[in-house]
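Inspection log for the structure reproduced underneath, given as structure tokens.
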Amino acid sequence: MSAVPRFTTALSGLPLGLERQLLDKSVAIEHWLRSQWLEHTPPFYGSVDLRNSGFKLAPVDTNLYPGGFNNLNPDFHALCVQAAQTAVEKICPDARDALLIPENHTRNQFYLQNVATLARILRHAGMNVRIGSMLPGLEGPMDVDLPDGKKLTLEPLKRNGNRLGVAGFDPCVVLLNNDLSAGIPQILRNVEQPLFPPLHAGWAVRRKSNHFAAYDDVAKDFAQMMGIDPWLINPYFETCGKINFQTHQGEECLAGYVSEILDDIRAKYKEYGITEEPFVIAKADAGTYGMGIMTVKDASEVRGLNRKQRNKMAVVKEGMEVHEVLVQEGVHTFETVRDAVAEPVVYMIDRFVVGGFYRLNTQRGKDQNLNAPGMQFEPLAFAEPCSSPDPDDPDCVPNRFYAYGVIARLALLAASIELERTESAADEPEAA
């Protein structure tokens, strides 16, 4: 297991207080979470990007199509398998055949290793697995070489009536690892097999603002149970619609929310005696891969974007134009690994934490997005830490990881509520 990362500032006062409270109330926390899962169904899987400033530990993004299973510590593969078995049993107890539909990133070796890892997890969970690709022009099976010397076979996705499969294979369950940034293809609509995550979990429908609205509710309920200020685990946010970065449309809305959130952060910093410089993150309300994101410390910065900055913010993955922007409180990360700024990413299958890693970036600062060129990954074994904290030992390595697991599961619960609220929107987008 990797060591606990080094903090660039001393952990004292409030930071220790928050971590201490999470540890001291671990029994109440686990009971509370268990009661929540009786009311809400967790997504099949998910990953949560966290930021730990010492004085604040909060999620800044939740991905419902996680693409980094290859970055998890292989020692905890068995935990992934057990969690996958639980998830599949809820969907179809007799499931024997599973179809995995990936992104079309055939040249991204890291992503393909993620697909291979996911397939291995499902196979060890007791299912025959085939990879059904929507890659344009794919007419037959295609073997892709992986860095470890193994091969991944992609087969053309086919539809027979209302059932998805590949040649000679009619699966019980369909698992998407494609976030549908380009829209919902007609081939995926009105499928009779269980399809997870549901289509409205993709970026054709999903909005980060809906997720953080659900998280705001979860954080308030959790904080009331804990007797803490919800701000300690929850970033402020607002949303601007009808943005056009090329024509400057919506600039004043963006600048106004930047000023408002910065003022709110300053008030909280003053309340807690925090001397750090506040900042906000402006990012596309839909989309992933770290695209369409900028750090802002003053409203004037969003009024004076140069052409390069506007182009960077205007388009995200799959060429999707940005017209809605989330303005989110920036959370510093004071964690470092090998002298690189780092943030924890927690992976879950069903309601279980199954692993995680630190995203490192030597080219970025404590107030910047780390999901950018230059990032590296440091695997962490979250399994033991997230279930075995030791409140009586302040130097116990698992303790901080337990806190990560708690906040990540709060974000996963928010994702469950978010999907419940947006289910009716699944048929709204046009077919891609």
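Using numbering that gives the first Met the number 0, the letters of the sequence shown correspond one by one to residues 0 to 431.
All C-beta atoms, glycine included, are put in the ideal place defined by N, C-alpha and C.
CB contact flag (residue i, residue j, <8 Å)
i, j, result
"residue 277", "residue 64", "no"
"residue 345", "residue 404", "yes"
"residue 281", "residue 253", "yes"
"residue 183", "residue 203", "yes"
"residue 145", "residue 108", "yes"
"residue 126", "residue 94", "yes"
"residue 433", "residue 98", "Past the boundaries of the shown model lies residue 433; the chain is included only from 0 to 431, so the question cannot be answered."
"residue 117", "residue 68", "yes"
"residue 57", "residue 170", "no"
"residue 190", "residue 156", "no"
"residue 411", "residue 140", "no"
"residue 205", "residue 421", "yes"
"residue 20", "residue 227", "yes"
"residue 143", "residue 151", "yes"
"residue 221", "residue 409", "yes"
Selection from the options that minimises the alpha carbon distance to residue i
i, options, result
"residue 81", "49, 19, 353 and 170", "353"
"residue 180", "119, 286 and 91", "286"
"residue 437", "231, 132, 52 and 421", "Shown here, the chain extends from 0 to 431; a query on residue 437 therefore has no answer."
"residue 407", "30, 50, 38 and 19", "50"
"residue 295", "270, 268, 261 and 323", "261"
"residue 301", "251, 25, 333 and 208", "251"
"residue 279", "24, 376, 33 and 59", "59"
"residue 66", "347, 422, 418 and 410", "347"
"residue 223", "420, 110, 18 and 28", "28"
"residue 175", "100, 377 and 248", "100"
"residue 453", "122, 421 and 142", "There is no way to answer for residue 453, as the model of the chain reaches only from 0 to 431."
"residue 88", "43, 413, 355 and 152", "43"
"residue 47", "25, 210 and 255", "210"
"residue 378", "400, 92 and 229", "400"
"residue 153", "110, 113, 124 and 105", "105"
"residue 327", "368, 337, 356 and 358", "368"
"residue 363", "356, 355 and 331", "331"
C-alpha gap between residue i and residue j, whole angstroms
i, j, result
"residue 384", "residue 350", "Its pLDDT being 47, under 50, residue 384 is placed unreliably by the model, and nothing is read from it."
"residue 303", "residue 257", "14 Å"
"residue 299", "residue 259", "13 Å"
"residue 293", "residue 365", "13 Å"
"residue 382", "residue 243", "The predicted model places residue 382 with a pLDDT of 47, which falls under 50 and marks its position as unreliable, so this point remains unresolved."
"residue 325", "residue 236", "7 Å"
"residue 416", "residue 335", "33 Å"
"residue 402", "residue 22", "8 Å"
"residue 185", "residue 360", "39 Å"
"residue 265", "residue 329", "12 Å"
"residue 83", "residue 269", "45 Å"
"residue 32", "residue 136", "46 Å"
"residue 231", "residue 138", "52 Å"
"residue 39", "residue 160", "32 Å"
"residue 96", "residue 192", "11 Å"
"residue 34", "residue 248", "45 Å"
"residue 419", "residue 213", "10 Å"
"residue 85", "residue 297", "47 Å"
"residue 177", "residue 148", "24 Å"
"residue 225", "residue 215", "15 Å"
"residue 90", "residue 198", "16 Å"
"residue 414", "residue 207", "10 Å"
"residue 263", "residue 62", "27 Å"
"residue 18", "residue 55", "10 Å"
"residue 339", "residue 229", "29 Å"
"residue 114", "residue 124", "15 Å"
"residue 92", "residue 168", "19 Å"
"residue 112", "residue 267", "43 Å"
"residue 355", "residue 274", "31 Å"
"residue 357", "residue 77", "21 Å"
"residue 73", "residue 110", "16 Å"
"residue 255", "residue 158", "48 Å"
Sheet register partners of residue i (DSSP bridge)
i, result
"residue 343", "357"
"residue 154", "131"
"residue 175", "100"
"residue 121", "Answer by DSSP bridge pairing: none, since residue 121 is not bridged."
"residue 62", "46"
"residue 142", "152"
"residue 243", "248"
"residue 327", "236 and 280"
"residue 27", "Note: residue 27 sits in no beta bridge, so no partner."
"residue 348", "44 and 351"
Rounded Cβ spacing between residue i and residue j (contact assumed at less than 8 Å)
i, j, result
"residue 342", "residue 239", "Residue 342 to residue 239, Cβ: 25 Å. No contact."
"residue 173", "residue 194", "4 Å"
"residue 52", "residue 333", "6 Å"
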